[in-house]
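The numbering of the sequence shown is my numbering, which starts it at 995 and goes up by one.
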Amino acid sequence: MHRRRLLSVAGVSLASLSLAGCLDDDDTDGPADDGGDSTGGDEGSGDGADDSEPSVDARARIESADETLEEALEKFDDALDEADDPTGDGTHAIETRPIETLLDDAAADLEAARADATDEQLTTIDALEETVEFFRAFVDVFRELGDALDEIDTADVYLEQDRFEDALGSLERAEDHVDDAIGHLNVAQSTFETIDPDALEDLDDVDYVEMEIALEDVDDALWAIDVLVVGLRQLVEGMIPFETAVTEFEAQRYDVATAEFSTASNELYTAHTTFRDAEDDAPAAFREDIIELACTADALSEAAESLSRAVEALDEGSDADAHDHLDAADEAIERAERCGGEETSTQLSLL
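The structure is reproduced here in structure tokens:
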């Protein structure tokens, strides 16, 4: 199976979410002067700050939250790099607890800043709080994605040993993780829709458009990963009866072998359909794999169908027909190998 280092696909886009220094110039130009009373008001009254005078305490907390959020983003980038490091510990999982702690700290600063913030500062606080929640959801996406990729790697090892049942279990768990990642991405998208883009205009590095692009990139990547995991799971579900059919054929239980090869053909064709239907819409980074897997699944489906007919012909004593069907199966197996699909089982080489 092709090993897919998918974390880096979306990780490139996440770099655009850097918030370094995003509030350095915010609230430093003084209040807007519309001719109102610039000296009146009770800043210490506890009923909220005078809207014409920026609160020094609120600004300090906003800047602290900004610095903490920047640190969280840097840790996230480092975690993605580590998860994608081929010399690392072999896992795609990212350590999220330090990131989540920093996000909690940033959120606490922003909440505290509300007490005496001006209206202008409250607008900034709202935007940053929504950005924190947006980022939380992104961290959740990649936590689940890392776990999914680890399960895919485990399935790869099982497939190399023709341990199809074990591979199926890993792929089913990977599918669950991808489903959870998609759920977290939906939360990120919903949170993004609540962000007021005008509130980000005066910030140096928080770019609404770049966040939107990052969302689209991750959405595309997750869609493709979902197709790959579902299709691979279906492919393995086809190889299980295929393996059973080979065993039954060797035991000369031809009627059972015929039925199992037919079942395998149907399951493999389902996988082919999953991959084929995704070819046109697949992101460029995934299209080659999806096309190759569609080709492989189709060829294996044809091979299984031809083997089913060959065994049936042998059972009926029609040696000539059996020979023709075996030739067709050989051609289909050769085509599967030409597709570039490394999932082709060593079971096929025994036929």
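For glycine and all other residues, C-beta sits at the position ideal for the given N, C-alpha and C.
- In the three-state DSSP reduction, Asp1156 falls in the coil class, being neither helix nor strand.
- For Gly1334, the secondary structure class from DSSP, reduced to helix, strand or coil, is coil.
- If you check the CB distance, Ala1323 and Ala1288 do not come in under 8 Å.
- Per the coordinates, the alpha-carbon of Phe1136 lies some 33 Å from the alpha-carbon of Glu1331.
- The stretch 1204–1224 and the stretch 1177–1184 touch, with three or more beta-carbon pairs separated by less than 8 Å.
- If you check the CB distance, Gln1115 and Ile1189 do not come in under 8 Å.
- Assigned with DSSP and collapsed to three states, Ile1093 falls in helix.
- Annotated as proximal: Thr1062 and Leu1096, with beta-carbon spacing under 8 Å.
- In this structure, Leu1229 keeps its C-beta atom at 8 Å or more from the C-beta atom of Ala1276.
- Thr1085 sits in coil when the DSSP states are folded into three classes, being neither helix nor strand.
- Closest in alpha carbon position to Ala1279, among Asp1072, Arg1270, Glu1254 and Ile1219, is Ile1219.
- Under the 10 Å beta carbon count, Arg1053 is surrounded by 16 or more other beta carbons and is classified as buried.
- Around the Cβ of His1317, a 10 Å sphere holds fewer than 16 other Cβ atoms; the residue is exposed.
- Shortest Cα-Cα distance from His1319 to any of Arg1329, Gly1311, Ala1307 and Thr1267 involves Ala1307.
- By a beta-carbon distance limit of 8 Å, Ala1066 contacts Ala1100. Their separation comes to about 7 Å.
- When the Cα atoms are used, Thr1090 and Cys1333 turn out to be separated by approximately 39 Å.
- Inter-residue distance for Asp1321 and Glu1242 is about 20 Å (C-alpha atoms, whole angstroms).
- Taking C-alpha positions only, Ala1111 is separated from Asp1192 by approximately 18 Å.
- Burial of Gly1225 is indicated by the presence of at least 16 other C-beta atoms within 10 angstroms of its C-beta.
- The continuous stretches of alpha helix (DSSP H) do not include Ala1111, and DSSP gives it neither H nor E.
- DSSP, read as helix, strand or coil, puts Gly1232 in helix.
- Taking the Cα positions, Asp1174 is about 7 Å away from Glu1138.
- Taking C-beta atoms under 8 Å as the contact rule, Val1223 and Leu1165 qualify, at a distance of about 6 Å.
- Taken through DSSP and simplified to helix, strand or coil, Ala1245 comes out as coil.
- Of the residues assessed, Val1203 falls on the exposed side of the cut-off, its CB having fewer than 16 other CB atoms within 10 angstroms.
- The beta-carbon distance between Ala1258 and Val1305, rounded to whole angstroms, is 12 Å. This is too long to meet the 8 Å contact definition.
- Taking the Cα of Glu1261 as reference, the smallest distance to any Cα among Asp1249, Lys1069, Glu1244 and Glu1299 is reached at Glu1299.
- His1086 is positioned such that its CB atom lies closer than 8 Å to that of Asp1144.
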